[in-house]
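Inspection log for the structure reproduced underneath, given as C-alpha cells.
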Amino acid sequence: MHLDVIGAGPAYTDRPGATGASYLVRLGGASLLLDLGQGSLARLAATVDPATLDAVVISHLHPDHFIDLVGLRHYLRWEKPRRRVRVIGPVGLDARLDALHDEPGFSAASLDVEVLSEGTLRVAAFEVQAARVTHTSSSFGFRVSDGATPAGTGLVYSGDCGRAEDLDVLARPGDTLLCEVSFGPGPVVAGAGHLDGPAVGDLATRVGAGRVLLTHLQMGFDRDETIKSVRARFDGPVELVDPGFETTILG
Ligand SMILES: [Zn+2]
Ligand SMILES: [Zn+2]
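This note's numbering applies: residue 1 is where the sequence shown begins, and numbers increase by one.
What follows is the structure in C-alpha cells.
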C-alpha cells in the first residue's frame with residue numbers, strides 16, 4: 001500500500017499550506033481517500049483524478065475533515081458528469097452538504113453517500129475496519145489493509161480522537177500509526193477531545209506499532225518538541241508529516 005499525505009492540518013493554523021486532513025491510500029489500481037478537509041481538493045486532484053477514487057471515507061463531521069466534498073461534488077458534476085464517487089461517512093453527512101448549498105439533492109447529484117458504522121467494510125482491494133473514537137458524537141478511527149495479510153501491513157488512522165485507548169482495537173503489531181497530535185508535547189486542554197505526544201507514544205508502545213506518522217498539529221506547538229515527546233515513550237520511528245509526504249506501507 002502506498003500513502004500520500006494530501007492535507008495534514010488542524011481546524012485552523014498560521015502555517016501556509018496546512019490544508020485540512022486528507023490521506024490517499026493506493027493499492028494496485030485501487031484508491032481510497034481518508035477525509036477531505038478544507039483546501040485539500042487541489043492537491044488531491046493534482047495527485048489522482050478524484051473521479052477515479054473507489055471511495056472517500058470520512059472520520060467525522062468537522063469541516064477540517066469533510067468540507068472539500070463540496071468541491072469534489074462540483075468537480076464531478078461539471079467536469080465528469082458521468083462519474084459518481086462512493087462516500088462513506090457518519091450519519092447526516094449528505095444533509096450537511098445539501099444544507100451548505102441550501103439545495104436538497106445537492107450531494108446525491110454526484111456522490112453515493114453511505115452511512116458509516118462500526119465494523120469491517122470492503123472498498124475495492126481494501127479492507128477498512130472502523131471503530132468509534134471519543135471526539136464528536138459520531139467519530140471514527142480506521143485500520144486500512146489489503147485484508148489478506150494478518151499483521152504489520154495495516155495503516156491505522158486516528159481521525160480526531162480524545163482517548164488514545166479507543167484505537168487499541170484497531171491496531172495490530174507492526175502497523176503504521178497515522179495519528180493526530182493536536183496538542184503537541186501536551187498537555188491536552190481539558191475537554192478538547194484530542195491527543196498529545198505522550199498519549200500517542202504510549203499508544204504506539206502499547207499496540208506494538210511499527211512506526212508513527214504524526215499529523216493534525218495545532219498552531220503554536222513546536223514540531224521538534226512534539227516529535228521528542230512521542231520518542232520519549234516509543235522506541236520506533238516517528239515522523240511529523242506534511243502535504244507531499246509519501247511512503248509505502250510494507251508487509
Ligand atoms: Zn480535525
Ligand atoms: Zn474534529
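Beta carbons are placed, not taken as given, at the ideal position from N, Cα and C, and that holds for glycine.
For residue i: DSSP bridge partner residues
i	result
CYS179	LEU214
ILE88	VAL57, GLU114
GLN38	GLN38 is not bridged to any residue.
TYR75	BP columns for TYR75 are empty, so no partner.
PHE142	ALA130, TYR157
SER22	GLY7
THR136	Note: THR136 sits in no beta bridge, so no partner.
THR247	LEU3
THR120	GLN129
Span of the alpha helix (DSSP H) around residue i
i	result
ARG206	197 to 207
VAL230	223 to 231
PRO104	Run containing PRO104: none; DSSP gives neither H nor E here.
Boundaries (first-last residue) of the beta strand (DSSP E) holding residue i
i	result
PHE239	Strictly speaking, residue 239 in this sequence is Glu, with Phe absent from that position. Here the beta strand (DSSP E) through GLU239 covers 238 to 240.
ALA131	126 to 132
LEU97	Taken as a continuous stretch (DSSP letters only), LEU97 belongs to no beta strand (DSSP E), being part of the alpha helix (DSSP H) at 93 to 100.
VAL189	That residue, VAL189, is in no beta strand (DSSP E); it is neither H nor E in DSSP.
Candidates the options: closest to residue i by CA position
i	options	result
SER22	PRO10, HIS194, GLY37	GLY37
ASP175	ILE249, PHE234, PRO198, ARG233	ILE249
GLY220	ASP235, THR153, LEU69, GLY9	GLY9
VAL57	ARG231, ARG77, PHE126	PHE126
GLY89	ARG82, ARG132, ALA99, VAL48	ARG132
GLY208	ARG172, ILE227, LYS80	ARG172
PHE245	THR13, TYR12, ASP14, ALA18	ALA18
- Task: Give me every residue whose Cβ sits closer than 5 Å to any heavy atom of ligand 2, in chain order.
- Result: HIS62, ASP160
- Item | Cβ contact check for the stretch 96 to 109 and the stretch 123 to 143: 3 or more pairs under 8 Å | no
- When the Cβ atoms of the stretch 136 to 148 are set against those of the stretch 71 to 78, are three or more pairs found closer than 8 Å? no
- Taking one C-beta from the stretch 220 to 237 and one from the stretch 184 to 197 each time, how about it: are there three or more such pairs within less than 8 Å? yes
- Pair every Cβ in the stretch 50 to 65 with every Cβ in the stretch 80 to 97, then say whether three or more of these pairs are closer than 8 Å. yes
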